[in-house]
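Colleague: Numbering (our numbering), first residue to last: 33 to 250. Sharing a structure with you now.
Now the structure itself:
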């Protein structure tokens, strides 16, 4: 199993039947393909749809159906479409149960930086600030390091997306929960040791006496 699939499968286990869920651009979109059997959720995109589904087959793409990143999507029966004002009203109004976002850095306080690398052209923050601030639960799905450099750090050097603490971090090495006391190591991936995680983390982790292995299924 490749690293991104492992992350997506573990994040999918956090979703509950009936949840209204927003998936960020990139790795988070993979979560939709790994929902456990019997778990039906409603996927929302900030460009104005509830009821996203994968494109049913190659060649069935519709220019009028895309996610916030412009990638083609399908729609489940009964899906609803609406304008951006309504979409962001749902997000800012606290009606979104879960958002799953990628990350560039996360600090010891659980604060996320995921929208900009200084010196590189970006179109803007997009919906990231609203999603982190407005969703009931924020899960960050990201690889643990970038070219050997830890992405979980003492203090973010990149611009913060929000000062709100995220609820869970899932990487190919571990599941980490930001808390009032700090970052708690909750699980390690199959074949990964606590020492492996500590060696690739640039922030202090609270390590319980027993750290279980991450459940990811087949």
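C-beta atoms are modelled at their ideal positions from N, C-alpha and C, and glycine is treated no differently.
When you compare each of 142, 182, 108 and 187 to residue 170 by their alpha carbons, which one comes out closest?
Modeller: 142
Colleague: Counting C-beta neighbours from all protein chains within 10 Å, is the total for residue 114 16 or more, i.e. buried, or is it exposed?
Modeller: exposed
Colleague: Quick check: residue 136 and residue 167, are their CB atoms within less than 8 Å of each other?
Modeller: If you check the CB distance, residue 136 and residue 167 do not come in under 8 Å.
Colleague: List in chain order: all unbroken beta strand (DSSP E) runs of 3+ residues lying wholly within the region 101–171.
Modeller: 106–113 and 130–133
Colleague: In its own chain, which residues sit with a C-beta less than 6 Å from the C-beta of residue 131, not counting the 5 before and 5 after it?
Modeller: 54, 163, 167 and 170
Colleague: Let's see if you can read the secondary structure: which residues bound the alpha helix (DSSP H) around residue 38?
Modeller: 35–44
Colleague: How long is the line joining the alpha carbons of residue 88 and residue 106, rounded to whole angstroms?
Modeller: 7 Å
Colleague: Kindly indicate which residue of 246, 102, 219 and 180 has the alpha-carbon position closest to the one of residue 231.
Modeller: 180
Colleague: Considering residue 202, what are the terminal residues of the beta strand (DSSP E) in which it resides?
Modeller: Unbroken beta strand (DSSP E) run through residue 202: 200–202.
Colleague: Buried or exposed, going by whether 16 or more other CB atoms sit within 10 Å of the CB of residue 116?
Modeller: exposed
Colleague: Residue 231 lies in the alpha helix (DSSP H); which residues open and close that run?
Modeller: It spans 226–231 - the alpha helix (DSSP H) in which residue 231 sits, taken as one unbroken run.
Colleague: Apply the 10 Å Cβ neighbour rule to residue 241 and answer buried if 16 or more other Cβ atoms are within range, or exposed otherwise.
Modeller: exposed
Colleague: What's the gap between the Cα of residue 211 and the Cα of residue 188?
Modeller: 17 Å
Colleague: Could you give the first and the last residue of the continuous beta strand (DSSP E) run that contains residue 76?
Modeller: Its beta strand (DSSP E) spans residues 74–77.
Colleague: Helix, strand or coil for residue 245, going by three-state DSSP, please let me know.
Modeller: strand
Colleague: Assuming residue 220 is part of the beta strand (DSSP E), what are its boundary residues?
Modeller: 214–220
Colleague: What number of angstroms, rounded off, separates the C-alpha of residue 120 from the C-alpha of residue 61?
Modeller: 19 Å
Colleague: If you run the structure through DSSP and keep just helix, strand and coil, what is residue 92?
Modeller: Residue state, collapsed to three classes: coil.
Colleague: Quick one: grab the DSSP three-state call for residue 97.
Modeller: coil
Colleague: Hey, out of 111, 123 and 77, whose CA is closest to residue 260's CA?
Modeller: Look at the range of the chain in this structure, 33 to 250, and you will see that residue 260 is not part of it.
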